[in-house]
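Each remark here refers to the structure printed beneath this line.
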Amino acid sequence: MYLKIMPQNHQKTILIAAPGSGIGKIVTEKLVKDYFRVIGIGGKNSKEFVEILNQNDYSIDFVECDYTSESSVIEAFNEVKILTPKIDGLIIFVGGSLISKPIEDVSYSDFRKVLAVNLDSTFLMGKEGYMWMQEQGGGNILFFGSTTGLKPSKKKMPYGVAKAAVHNLTLSFAQEGAKHKIVTNAIAPGYVMTDRHIDELQNKALESGDSFEDILLKIENKNPMKQLLKPEEIYPLIKLLLTTDHIQGQVIRIDSGQILG
Numbered sequence: 018m019y020l021k022i023m024p025q026n027h028q029k030t031i032l033i034a035a036p037g038s039g040i041g042k043i044v045t046e047k048l049v050k051d052y053f054r055v056i057g058i059g060g061k062n063s064k065e066f067v068e069i070l071n072q073n074d075y076s077i078d079f080v081e082c083d084y085t086s087e088s089s090v091i092e093a094f095n096e097v098k099i100l101t102p103k104i105d106g107l108i109i110f111v112g113g114s115l116i117s118k119p120i121e122d123v124s125y126s127d128f129r130k131v132l133a134v135n136l137d138s139t140f141l142m143g144k145e146g147y148m149w150m151q152e153q154g155g156g157n158i159l160f161f162g163s164t165t166g167l168k169p170s171k172k173k174m175p176y177g178v179a180k181a182a183v184h185n186l187t188l189s190f191a192q193e194g195a196k197h198k199i200v201t202n203a204i205a206p207g208y209v210m211t212d213r214h215i216d217e218l219q220n221k222a223l224e225s226g227d228s229f230e231d232i233l234l235k236i237e238n239k240n241p242m243k244q245l246l247k248p249e250e251i252y253p254l255i256k257l258l259l260t261t262d263h264i265q266g267q268v269i270r271i272d273s274g275q276i277l278g
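With the working numbering as the guide, the letters of the sequence shown map in order to residues 18 to 278.
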C-alpha cells in the first residue's frame, strides 16, 4: 500500500505584507517551496511580483492594500478572511528609511512619512492580525525592526525612531498576546543586500567615482565578520519564528556583528 505523507507545513497559512519587498521576495518564494500556503497583501510592486510567481506555477493569493490607511487595512483583512478561515502566521515586511538627512534638515512632513510607512503600517496590520488570532486561538506574528532602532545611524533619525518603536510594539504584543497563544517576535537585520540596496550602491558608485567593489568592501569592514548579509540567510530564522511556540517577545538581531562596530 502506498501512503502519501504530506509535508508538515502543508496546512499552515502565512499572510505576508509586502511580499514584493527586498527580503519579502526571497521569503515568499521559500515559504511556498516549503509547502506553506501564502497570501500576500500590498501595493503595485507586490502585486506584480506575485503575478510573475503565479505565471511560473506558484499559487499565491493577493489582496491590494494601502498599509498606511486604517480603512484600507481593515478592508484588506476582510478580503483575506474570505480566502481563508484562519492564518497561522503574519509577517510584516513593510518599511524603508526613505530619507537620508541631518536632523536640522528633517521636516515634520519627512518625519511623519517615515513613521507612517514603518510604524503606523506595522501597528495597523499587526492589530488586525492580532485580533484575528485572538478569535481563532493563537498564531505567530513577526515584525521587522532594524539595528538602526538599536543603535543610531547618521542621517537616519526618523527611521531609527520608527524601528525602535516597532521593537517596543513587539514586546507589547507579546506581553498581551501570550494569554491568547499569540507569539510575537521581531527580527532586527543589519544592512541586507536586497535588490534595492544593490541598485542604491551602484548609483552611489557612479556618483562618487568609487568602484562598486570598493563600496561593498567598506560595508563588509563595518562588521567584525567582514561579510555581507543576504536575504536568504535570514529565512531560517523567519521560518523558526513562524512556527515556534516558545520564543516570545524577542527582538533578534541578525547583522554579522555589525552593531558591535
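Note that the Cβ used here is the ideal one computed from N, Cα and C, for glycine as well.
All values reported here derive from a predicted model rather than from experimental measurement.
query                                                                                                                   : result
Beta-carbon spacing of Y208, V44 below 8 Å                                                                              : no
Residues near M18 by beta carbon distance below 6 Å, same chain, minus five either side                                 : With a pLDDT of only 33 at M18, under 50, the local geometry of the prediction cannot be trusted, and no value is derived from it.
Selection from S117, T260 and S138 that minimises the alpha carbon distance to I158                                     : T260
N-terminal and C-terminal residue of the beta strand (DSSP E) that V200 is part of                                      : I199 to P206
Contact check, D272 vs L246, beta carbons under 8 Å                                                                     : yes
Straight-line gap, V200 to S228 (C-alpha atoms, nearest Å)                                                              : 44 Å
Cut-off 6 Å between Cβ atoms - residues of its own chain near D83, not counting five sequence neighbours on either side : S89
F53 to I77 span [Cα, whole Å]                                                                                           : 10 Å
V183 (DSSP reduced to helix, strand or coil)                                                                            : helix
DSSP-derived helix/strand/coil call for G278                                                                            : coil
Straight-line gap, K21 to Q267 (C-alpha atoms, nearest Å)                                                               : Because K21 carries a pLDDT of 37, less than 50, the predicted location of this residue cannot be relied on, and no value is offered for it.
Buried versus exposed call for M145 [16 or more other C-beta atoms within 10 Å across all chains shown]                 : One detail in the question is off: residue 145 reads as Glu in this sequence, not Met. Buried is the call here.
Rounded separation between V134 and K172 - CA only                                                                      : 17 Å
Helix, strand or coil at D78 according to DSSP, with G and I counted as helix                                           : strand
Runs of alpha helix (DSSP H) wholly within the segment 232 to 277 (minimum 4 residues, chain order)                     : 252 to 260
Closest residue to T211 among Q28, N220 and S38 (Cα-Cα distance)                                                        : S38
G60 vs E81 beta-carbon contact at 8 Å                                                                                   : yes
Close beta carbons around T101, own chain, < 7 Å, minus the five adjacent residues each side                            : T30 and I56
Reduced DSSP secondary structure (H/G/I, E/B, other) of A34                                                             : strand
Neighbour-count burial assignment, K243, 16 or more Cβ in a 10 Å radius                                                 : exposed
Buried or exposed by the 16-neighbour rule on C-beta atoms within 10 Å, applied to S63                                  : buried
DSSP three-state assignment for F53, whether helix, strand or coil                                                      : coil
Opening and closing residue of the beta strand (DSSP E) in which I109 lies                                              : G106 to I109
Candidates P175, T164 and K98, of which the one nearest E121 by Cα                                                      : P175
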